[in-house]
Structure formats: structure tokens, C-alpha cells
Amino acid sequence: MNSKTILLNSFRWVILLFVQIFLLRNLIFYNLSTPFIYVLFLLVLPFRIPNLLLFIIAFGTGLTIDTFYDTIGVHTTACVALAFVRILVHFGKFKPGCH
């Protein structure tokens, strides 16, 4: 990856986490759901990123959100699971709707 891609993804990470933590933390729709847009960062990362780096980024993102939301590993687990499913879908090992 070149420095422009790294800088763009770092900026995207900071902005999405800032919006999630400071704007969307207390936003609840009809007392049923809370929007979590920080997972968008993990979904738009380039597919050529190494898997180990993807898991480390997912772990760090989830841990950051867990720190501000006072949850113990819930977001970290969700981010790492999302990274794993992203890898499976990317390599074609998991095809939704096929039996």
C-alpha cells in the first residue's frame, strides 16, 4: 500500500470513530436500535491488505469503541468476526444464499 492509501484510511478511521463516539453514542431509534457506523471502516478497507493486519486493525477498532462504550469485548468480538467473514466472502468460501 502506498502512503496516500494509508493516510486516507487513517483519516477515515479517525472520522468514523469520532462520529460514532461523540455523535451517535446517545442516538437511539425508537428505543430499539443504535446505529454503528464504525464497521463501515472495516468493510471499505482495501482487499489487498494482509489478513493479520486486518485482524489487528479490527481488534484495535473494537477495543477503542469498547473503551468509550464501557462494554467488555462486545465490539472487539464483533469487529474481529466481521473481519473473518470479510475474508471468507472475499475468497469465495462463503456464498450467501447457496446451500
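Residues 1008 to 1106 in the numbering used here are what the sequence shown spells out, letter by letter. For every residue, glycine included, the Cβ atom is placed at its ideal position computed from N, Cα and C.
Rounded distance between the beta-carbons of residue j and residue i, thought under 8 Å
i, j, result
"His1082", "Gly1067", "Their Cβ separation, rounded to whole angstroms, is 11 Å, which puts His1082 and Gly1067 out of contact at 8 Å."
"Ile1094", "Asn1058", "6 Å"
Straight-line gap, residue i to residue j (C-alpha atoms, nearest Å)
i, j, result
"Val1096", "Phe1054", "11 Å"
"Asp1077", "Phe1025", "16 Å"
"Lys1011", "Ile1072", "25 Å"
"Phe1062", "Gly1080", "15 Å"
"Asn1009", "Trp1020", "17 Å"
Residue closest to residue i, alpha-carbon to alpha-carbon, out of the options
i, options, result
"Ile1064", "Phe1036, Thr1084, Ser1040, Ile1079", "Thr1084"
Sub-8 Å separation of residue i and residue j beta-carbons
i, j, result
"Leu1110", "Ile1056", "The question about residue 1110 has no answer here: the residues shown for the chain are numbered 1008 through 1106."
"Ile1028", "Phe1075", "yes"
"Leu1030", "Thr1041", "no"
**OP:** Take every Cβ of the stretch 1081-1093, pair it with every Cβ of the stretch 1041-1054, and state whether three or more of those distances are shorter than 8 Å.
**Re:** yes
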